[in-house]
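Position in the sequence shown (from 1) plus 14 gives the number in my numbering. Backbone N, C-alpha and C define an ideal beta-carbon position, used for all residues, glycine too.
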Amino acid sequence: MLNIVIFGAPGSGKGTQSARIVEKYGLNHISTGDVLRAEIKNGTELGKTAKGYIDQGQLLPDELIIDILASVLDSFKESKGVIFDGFPRTIAQAEALKAMLKERKQEVSVMLDLEVPEDELMTRLIKRGQESGRADDNEETIKKRLTVYHSQTSPLIDWYKADGKYQHINGLGTMDGIFGDIVASIEKL
Ligand code: ADP
């Protein structure tokens, strides 16, 4: 089982690299952001709740997102492993993930931290907003998301270091170059 947490600030390239990891290793992919955007698109109650938080650049409450994660995880049968993209985003979520995997006699294999300088993140997200029309990719909400990342999510770097799972990846460069570094880290496991 290869269970990978792909980690990084908004705009660090988690989604792009996850897709390539999925293709190469045949893993299941959970992107909590994609799950929530699908709920919003379908107009569900969960979608309505999620939209309130996402448009403000805030995180959903831990209990809510942990329940969502657990149900997606249970839907995977005969899995070779999972890539977790956008989860965990708080220490409570990381602890919940550890417990959930332990119940299934599994664990996180590695946490890949895609590091990208802040000015580059801003540039990428503003461009993505212009191209995709993603509602939370506007300058004001991006700034809030980056603040939330620094206060609530980046403490996970030390948490995963202490757990012995941390792996730094330079998120600046070509998509192929970054993917090459990711593959090298995975092959070392
Ligand atoms: P990005 O990493 O580019 O900000 P995502 O698509 O991963 O975007 O997430 C978009 C939004 O969905 C987040 O800003 C947050 O509001 C919500 N969200 C996604 N994952 C989580 C999570 N694990 N916990 C709480 N909220 C989440």
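Length of the line joining the Cα atoms of residue i and residue j
i           : j           : result
residue 112 : residue 91  : 19 Å
residue 193 : residue 43  : 16 Å
residue 77  : residue 199 : 32 Å
residue 82  : residue 110 : 12 Å
residue 195 : residue 28  : 14 Å
residue 169 : residue 178 : 15 Å
residue 150 : residue 191 : 28 Å
residue 141 : residue 123 : 33 Å
residue 165 : residue 24  : 13 Å
residue 139 : residue 41  : 27 Å
residue 57  : residue 94  : 32 Å
residue 16  : residue 176 : 20 Å
Delimiting residues of the beta strand (DSSP E) encompassing residue i
i           : result
residue 99  : 96-99
residue 150 : Per DSSP, residue 150 belongs to no beta strand (DSSP E) and is neither H nor E.
residue 39  : Counting along the chain, residue 39 falls outside any beta strand (DSSP E), though it belongs to the alpha helix (DSSP H) covering 28-39.
residue 181 : 180-184
residue 130 : Per DSSP, residue 130 belongs to no beta strand (DSSP E) and is neither H nor E.
residue 122 : That residue, residue 122, is in no beta strand (DSSP E); it is neither H nor E in DSSP.
Range covered by the alpha helix (DSSP H) that runs through residue i
i           : result
residue 77  : 76-89
residue 189 : 189-201
residue 49  : 46-55
residue 169 : 169-176
residue 64  : 59-69
Residue i at chain B interface by Cβ criterion, 8 Å
i          : result
residue 31 : Of the protein chains in this structure there is only one, and it is not chain B.
Sub-8 Å separation of residue i and residue j beta-carbons
i           : j           : result
residue 180 : residue 99  : no
residue 171 : residue 97  : no
residue 130 : residue 22  : yes
residue 103 : residue 167 : yes
residue 120 : residue 80  : no
residue 162 : residue 66  : no
Taking one C-beta from the stretch 104-124 and one from the stretch 140-155 each time, how about it: are there three or more such pairs within less than 8 Å?
no
Touching or not, the stretch 117-136 and the stretch 52-65, by the rule of three or more beta carbon pairs under 8 Å?
no
Please determine if the stretch 177-196 and the stretch 83-90 are in contact, where contact requires at least 3 C-beta pairs separated by less than 8 Å.
no
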